[in-house]
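Positions in the sequence shown are counted from 1; adding 1252 to them yields this note's numbering.
Just so it is clear, CB atoms sit at the ideal spot from N, CA and C, and this is done for glycine as well.
As the structure is a computational prediction, the values presented were derived from the model and not from experiment.
Only one structure is covered here, and it is reproduced in the block below.
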Amino acid sequence: MQKFILLVQLIFCSFPLIIWGQEVDKPIKRIGITCTGVGQNEVFTDPDLVGAPGYRGKGFWGAGMVFSQGINRWLEWETGMEFSRHRIEVVPNLPPNMDARTRIENSALITFPLSLKAGFLKYFFVSGGILLDLDAAPGSPIDSQTGFGAGVGAGAQYHFRSGLSLFVNPYVRGHSLLPLMGSKNHDSLWEEGIRIGLTVAL
């Protein structure tokens, strides 16, 4: 959560630099692939919920496709589709005389992000937007993550003359902040990682 707040502060502090823009000849379309090889995750539960098991995030990986459309010289919108698989340690809430061994289970998400990406100082950018998540793991140990979430990030990118572009994007995301199904005391899955992407101009 602290890293999420820091990234939001970074975005607001970057606005004076963003005004100067990023030197791009004209708005263009790009399509490509992304990968988050190793990331950290955490499950937030309602502290008022009594008797429920605890959860510890044990990491995740993700991959997907990305499409972007330039709006002007420094701003573009970005969307796509991503799949992520999360490892979660389940900690039973049982009396001391019962078997309370932890176990590792998996959860999976299909995510459709929609964000704005603002470039500054030629090679850098900040981004933020909303997420539409579909829970892809019927046997997940946590509540369904189908719903709307949000994410922010920052990073660096380089556009080659050939039309290829490479970017590195540290980010933080909160899933199911507005759940479409589930109980009142809803679990929310958070993740932080470094997304690497390769795109080509259309």
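Short check: CB of residue i to CB of residue j, under 8 Å?
i	j	result
asparagine 1293	tryptophan 1442	yes
valine 1343	tyrosine 1307	yes
glycine 1415	alanine 1370	no
threonine 1331	proline 1365	yes
leucine 1432	glycine 1399	yes
arginine 1355	phenylalanine 1312	no
tryptophan 1329	serine 1320	yes
glycine 1309	glycine 1445	no
serine 1379	glycine 1405	yes
Given this structure, state the Cα-to-Cα distance separating residue i from residue j, to the nearest angstrom.
i	j	result
glutamate 1275	tryptophan 1326	Bear in mind that a pLDDT of 47 at glutamate 1275, under 50, signals an unreliable position, so the number given afterwards is only what the model happens to contain. Taking the straight line joining both Cα atoms gives about 7 Å.
serine 1392	asparagine 1358	6 Å
isoleucine 1394	arginine 1413	46 Å
phenylalanine 1419	tyrosine 1410	6 Å
arginine 1282	leucine 1368	14 Å
Using DSSP with H/G/I as helix, E/B as strand and the rest coil, what is residue i?
i	result
threonine 1297	coil
asparagine 1324	coil
asparagine 1358	strand
arginine 1413	coil
methionine 1333	strand
lysine 1228	Missing from the structure shown is residue 1228; the chain here goes from 1253 to 1454 and no further.
isoleucine 1448	strand
methionine 1317	strand
Going by alpha carbons, who is nearest to residue i out of the options?
i	options	result
glycine 1401	Leu1418, Val1420, Ile1340, Ile1362	Ile1362
cysteine 1287	Ala1315, Phe1296, Gly1311	Ala1315
leucine 1384	Met1333, Pro1390, Asp1439	Met1333
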